[in-house]
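Notes follow the structure.
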Amino acid sequence: MFRAVKTDVKFPKQEEAILDFWKSNRIYEKSLEQREGGKPFVFFEGPPTANGLPHPGHCLTRAIKDLFPRYRTMRGYWCNRKAGWDTHGLPVEVEVCKELGIHSKEEIEQFGVEKFIAKCQQSVWRYMQEWERVTERLGFWIDLSQAYVTYQQSYVESVWWSLKNLFDRGLLYRGHKIVWWWAQGGTALSSGEVGQGYREVADPSVYVRFPILGSVNPSLANASLIVWTTTPWTLPSNQFAAVHRDIEYSVCQEETAEGEVAGERFVVAASLVEMLAEKIKRKLRVVSSVKGAELVGLRYQPPFDYYHQTRGSQVGSLKTGGESIREWRVVHADFVTVDSGTGIVHLAPAFGEVDYDVLVAERERFVDGSGPALICAVGPDGKFTEEAPDYQGVWVKDADKPITRALRERGKLWHQEQYVHDYPFCWRASEDPLIQYPRESWFIRTTAFRDAMLENNRQIGWLPEHIGSGRFGNFLESNVDWALSRERYWGTPLPVWVCESTGKKDAIASYDELCSKPGVQGLDVWLDAKAKNPELAEDLKVHKPYIDAVTYDSPFAKGARMHRVPEVIDCWYDSGAMPFAQWGYPHSGKELFAAQFPADFISEAIDQTRGWFYSQLAISTMLFGDKPGQTSVSSAGNGYPHPFKNCIVLGLMLAEWYESKDGKQRFLTEEDARAALGGDFVQKTGKMSKQLRNYRSPQEIFDRYGADALRWYLFANQAPWNSILYSERAIRDSIPEFILRLWNVFSFFTIYAEIDGFVGPADISGPLDQLGSDELSRSKTYRPVAQRSELDRWIMSELAATCRDVVDRMDRYDSYGACQSLHGLVDALSNWYVRRSRSRYWASDKSSQDKIDAYWTLYEALVVITKLIAPFTPFLAETLWQNLTGSLEGVRESVHLCDFPTGDFAPTDATLNARMALLREIASLGRSARMESKLKVRQPLGRVEVTLANDTHAAWLTEHDDIVREELNVKEIHYTSGASPFVSYSVQPNFRRLGPRVGALLPKLKQSLGALSGSQLMEEMTRNGKILISIDGKEIELDGEDIQVRLSAKDGWAAAQGSSCVVALNTALTPSLIREGIVKDAIRLVQDLRKRRQCNFTDRIVLTVYCESQQILDALQEHRDFLTSETLASSLHLQLGSGDTTCELVELADEKVAIDLKIVPEA
RNA sequence: GCGCACGUAGCUCAGUUGGUUAGAGCGCCACCCUGAUAAGGUGGAGGUCCGCGGUUCGAGUCCGCGCGUGCGCACCA
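When you number the first sequence by my numbering, it's gap-free, plus one each residue, and the end is 2506.
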């Protein structure tokens, strides 16, 4: 038995009840248990950083991550979903520092590393709980209880194992390189991290004179090289000036107003002279030219003396014999261009990677130890050292101004301006600019795997496709060795121990391995700490500072000890290791890893290209495969070293808000803005920003509209890889557009099922399971679809077609297309099937088979749709399922335990679907024509003429003209496909067919056909089955398929044209039609009154109508039976007069009418 | 600077292998319908499909060059 449900449903509340239901009945767990042994569908959770609250963008990721596993589970796959949390790294440290009000490493050390990492660990726990709440509320089914956590010992040990593997294969090395250095944080950053922090800034840019020393070329004597730099602070560390040997340089002088040349001579690239002259607003004259090659070797005076004073004249021995000045020479460099600057480049090898390469190359020319040493006037803290006493202790960026001033004072500054460019800042401490700095650091030799990574990348199914060859492929092409180490605290410790005597190194793969090293000491540091504070998480023992205390006997030198290196590793490595580290592999979980690698499906936003997508691919490629040293995973039977087979790359989510024109007031919805500002506001879209508070928290969205509304919005509004607007209005709109529409159909069903006592499958004896057709057909009242009315067969055919379409699309990861398909189905069900079937549900004979068919059809459609939408809007689906299955014996307790419908219950009847679509179009056109002629649908019309482009479906349409008559409220309908007085025809070629055949003649053919009479051509076609046309002397024969007939309504008719038919109305009104119209109006007025008086659907009434117009009363009298049956009136009194005060006063056909309505008490 | 993507109605977006009348939803306005009723329908828009050039019988769709936006890269000296 079904109970009528209300239409004023509160979805958020309903969803929370469903959450409880899922939890208390372990539905998720059961959905997995049920599929055990099924084909696995492997999903990897890219671990969110447990730092900061989840925002709407994360909801998109989590919704997509939920959708496909749910779908696959219903399709019979076993999809294990293990949650994970990324817990290490700079973000966490920064967050804790903020909390402690500290910033620098010194302050952390002062605070105490032990206390600091304990705080880090607590901090991530706090955020993990927030994340879990949102995850659950969104309906993201994932096993949170078994989540992998990157700081846990087993995870860390997996990472250690992988690093030891790389170390043993010589792929993990310590190198001296110029790295992007976060001075305040005292650590290097990986290219991935650097990339996150680029920002446009205006830096001072200076053109500086480097006077040439001792040139033998007279035109260069006393001339200066002009170099350009945007980092004045690097000038004290200048070591070389670079030119390109093939570039033409000019020696210039300024030209005075009199046309004389005067003043200093200087050297710049010839092609830049004009541009530079404009910059300094002087006329320049080229006094001589010189090739770059001729400049190479010249000495110059650097702008600062700090090193030059003592080393300026030092020479070194060249390998080729002879000697050379070591530094402050002009050198050649390939990278020098004339794109900007002066064509002469200031080199400070300490602060630029290419500059450093030049130094190394120069050093190569000298006998060992005799070449130039690195000049670096800046300490690791980013402040000048005593080597540049004028600026000692000054932060480099603060030194730009005083340095520029000093240059000007000493006459070295040739020109100065602002230069706007992108410059990296620390991605977590966004006020701290990064600097390039020479540093010893640990690297992974990823460049050795570049080609392998590219090959693996080609195996990945990227959505959208262009990511693979485009963005991600390009990123791999420009691969550089992974700068792995971080001189920080909260991270996976680098598992490398160094011999204090020989400097030789050793890597370990687990804590146990470490403990079993000979002469191991320092394990007590952890034990003591734990004894002092039993609350300490056991996992911390593999972290700093405890792990640093562990030492052991060196295998390399007797009596020497092995000490761990101080560094921790890049947290991106942690995340990329998750395919195996989530199982603790290889220390545990070998079978799980073998079975769960690679992933069938992952998804993250596009910002993970250089993040998780890369880290996974890089690590998997290096570790797993068939190369020596790699761990072969082919035993798993898949042989893929690439970690994921399909990846949906999501677009970024943008915020939408409304603000006052001055930007001072901000609102999240248009209504709020309108309420506060009237019409005086603007809509804005842009990045989500915590500071601007330009978006509503996910929790608020859940409370207001529900998780299903958000989910449907995210899935159904655009392809997932497009950037998406987090539009509150659009989220809200997804309720009436889809969710509520479906709910209304369901509500309609329950209202009448209750009235008629339709019990659905409740009368079926024997076990029920998923309520498929096979089960329902066991009901005595259930007839095979083939025996039911055409409308029933139609909706079942549409239903089956949609099932097939959705499956097809979802198998291709096309969630957007699947949603469109579902939307169309619900629209067809609501706006045609139910609309056209209403009278069947109202039929008074409760045992009429047609009525029962209607119930069964609608019931089954709802059951199937409920299953179809389950992965998309799981809450709504569950509510519907519970209501539709009620207390049925044995039926699956949740829709999420059902199989996804594949449409095998009914064939798709394409002809029927096409015919019904045509019928719907005719109805729609008819309404359009009525509108045009201002004839409301309640006014019956005599006749409608439908002219069809072809008569394929004419007979069928004629059989169904009752539907159109009712839809359009006309007495008669006439179909024709021939000549018609209100339609003109034009014949067009079928371009797609004829294009290849007639080619260039097509335009002329079109013209010729257009010029001929359409109806004559049609006649010819009907008579001969073909048309002959001569174009430029060529005979062209056209058959029926070669032409397309277009109809258009002639002017002067109440007609509307569609793609394949014209619908014209006979607008002549007879008195009889007018009287009928009056009755329809009256019925409408009474129904309205019934509702206002809050009648039940089944209440009978006594109806009295008073009116001064005999004409109206006559009309009502004439259609008395119609009026009473439509309004459930048990008696009807028609009175001439104006009625009394209990009456409702209304207007009917421009006359005043009073209606009295009394409910008949139930017997 | 280089790369990738995007640029279609007021807004948000669809647009299949190129086929000649470019669609949807929303918003706005008007009207209609209504025993699913805090739903539903019809219409108005009539859009230089960012611009220019090319390929083609035919271009929103393919190619080239620009312009704009977003994101990414880096030899930003």
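Ideal Cβ placement from N, Cα and C applies to all residues, glycine included.
Query                                                                                                                                                                                        : Result
At the level of alpha carbons, what is the spacing between residue 1740 and residue 1778?                                                                                                    : 9 angstroms
Given that a residue counts as buried once 16 or more other Cβ atoms are within 10 Å of its Cβ, and exposed if not, what is residue 1815?                                                    : buried
Excluding the 5 residues preceding and the 5 following residue 1862 in the sequence, name in chain order all residues of the same chain whose CB lies nearer than 7 angstroms to its CB.     : 1895 and 1896
Tell me the DSSP bridge mates of residue 1942?                                                                                                                                               : 1987
Can you find the residues in the same chain that come closer than 8 angstroms, C-beta to C-beta, to residue 1629, ignoring five residues on each side of it along the sequence?              : 1593, 1594, 1595, 1613 and 1616
Looking only at C-alpha atoms, which of 2452, 2278, 2368 and 2384 sits nearest to residue 2416?                                                                                              : 2278
Considering only C-alpha positions, which residue in the set 1428, 1876 and 1758 is nearest to residue 1393?                                                                                 : 1428
Could you check which residue in 1703, 2198, 1463 and 1712 has the C-alpha nearest to that of residue 1345?                                                                                  : 2198
If I follow the unbroken alpha helix (DSSP H) through residue 2042, where does it start and stop?                                                                                            : 2041-2047
In whole angstroms, what separates the C-alpha of residue 2483 from that of residue 2454?                                                                                                    : 21 angstroms
Which same chain residues, not among the five before or five after residue 1973, have their C-beta less than 7 angstroms away from its C-beta?                                               : 1966 and 1967
Determine the direct distance from the alpha carbon of residue 1694 to that of residue 1681, and round the result to whole angstroms.                                                        : 21 angstroms
Hey, quick one: how far does the alpha helix (DSSP H) through residue 1503 stretch, first residue to last?                                                                                   : 1496-1511
Taking its Cβ as the centre, do 16 or more other Cβ atoms sit within 10 Å of residue 1947, making it buried, or is it exposed?                                                               : buried
Relative to the C-alpha of residue 1890, which residue among 2160, 1854, 1963 and 2001 is closest?                                                                                           : 1854
Can you round the beta-carbon distance between residue 1569 and residue 1685 to whole angstroms, since I take them to be within the 8 angstroms contact cut?                                 : 5 angstroms
Below 8 angstroms, can you find three or more Cβ-Cβ pairs linking the segment 2281-2300 to the segment 2399-2413?                                                                            : yes
Apart from the five residues on each side of it in sequence, which residues of its chain come closer than 8 angstroms, Cβ to Cβ, to residue 2075?                                            : 2047, 2048 and 2052
Can you tell me whether residue 1354 is buried or exposed, with buried defined as 16 or more other CB within 10 angstroms of its CB?                                                         : buried
So residue 2486 is in the alpha helix (DSSP H); what residue range does that whole segment cover?                                                                                            : Premise fails: residue 2486 is in no alpha helix (DSSP H) and is neither H nor E.
Three or more beta-carbon pairs under 8 angstroms between the segment 1937-1945 and the segment 1477-1492, yes or no?                                                                        : no
Please classify residue 1383: does DSSP put it in a helix, a strand, or coil?                                                                                                                : strand
Please determine whether the Cβ atom of residue 2340 lies at a distance below 7 angstroms from any heavy atom of the ligand ADP.                                                             : Summarising the ligand content, the structure contains no ligands, and the ligand ADP is consequently not present.
Look up residue 2438 in the DSSP assignment and give the residues it is bridged to.                                                                                                          : Bridge partners of residue 2438: none, in fact.
Let me check one thing: in DSSP terms, what residues is residue 1842 bridge-paired to?                                                                                                       : 1905
To the nearest angstrom, how far is it from the Cα of residue 2123 to the Cα of residue 2192?                                                                                                : 11 angstroms
Less than 8 angstroms between the beta carbons of residue 1911 and residue 1835, yes or no?                                                                                                  : yes
Give me, in chain order, the residues of the same chain whose beta-carbon lies closer than 8 angstroms to that of residue 1782; leave out the 5 immediate sequence neighbours on both sides. : 1519, 1520, 1521, 1522, 1524, 1531 and 1723
Report the residue ranges of all alpha helix (DSSP H) runs contained in full by the segment 2235-2314; include only those spanning at least 4 residues, in chain order.                      : 2253-2275, 2297-2302 and 2304-2311
Can you list, in chain order, the stretches of the alpha helix (DSSP H) that have 4 or more residues and sit fully within the segment 1586-1674?                                             : 1616-1623, 1635-1638 and 1651-1654
Identify the residues that DSSP records as bridge partners of residue 1973: which are they?                                                                                                  : Paired residue(s): none; residue 1973 is not in a bridge.
Label residue 1978 either buried or exposed according to how many other C-beta atoms from any shown protein chain fall within 10 Å of its C-beta, with 16 as the threshold for buried.       : Low confidence applies here, because residue 1978 scores a pLDDT of 45, under 50, leaving its location unreliable; read the following figure in that light. By the 10 Å Cβ count, residue 1978 comes out exposed.
Please report the straight-line C-alpha distance between residue 2364 and residue 2338, rounded to a whole angstrom.                                                                         : 20 angstroms
So is residue 2476 buried or exposed if we call it buried at 16+ other beta carbons inside 10 Å?                                                                                             : exposed
Is it the case that the Cβ atoms of residue 1670 and residue 1715 are separated by a distance below 8 angstroms?                                                                             : yes
How big is the Cα-Cα spacing for residue 1448 and residue 1585?                                                                                                                              : 37 angstroms
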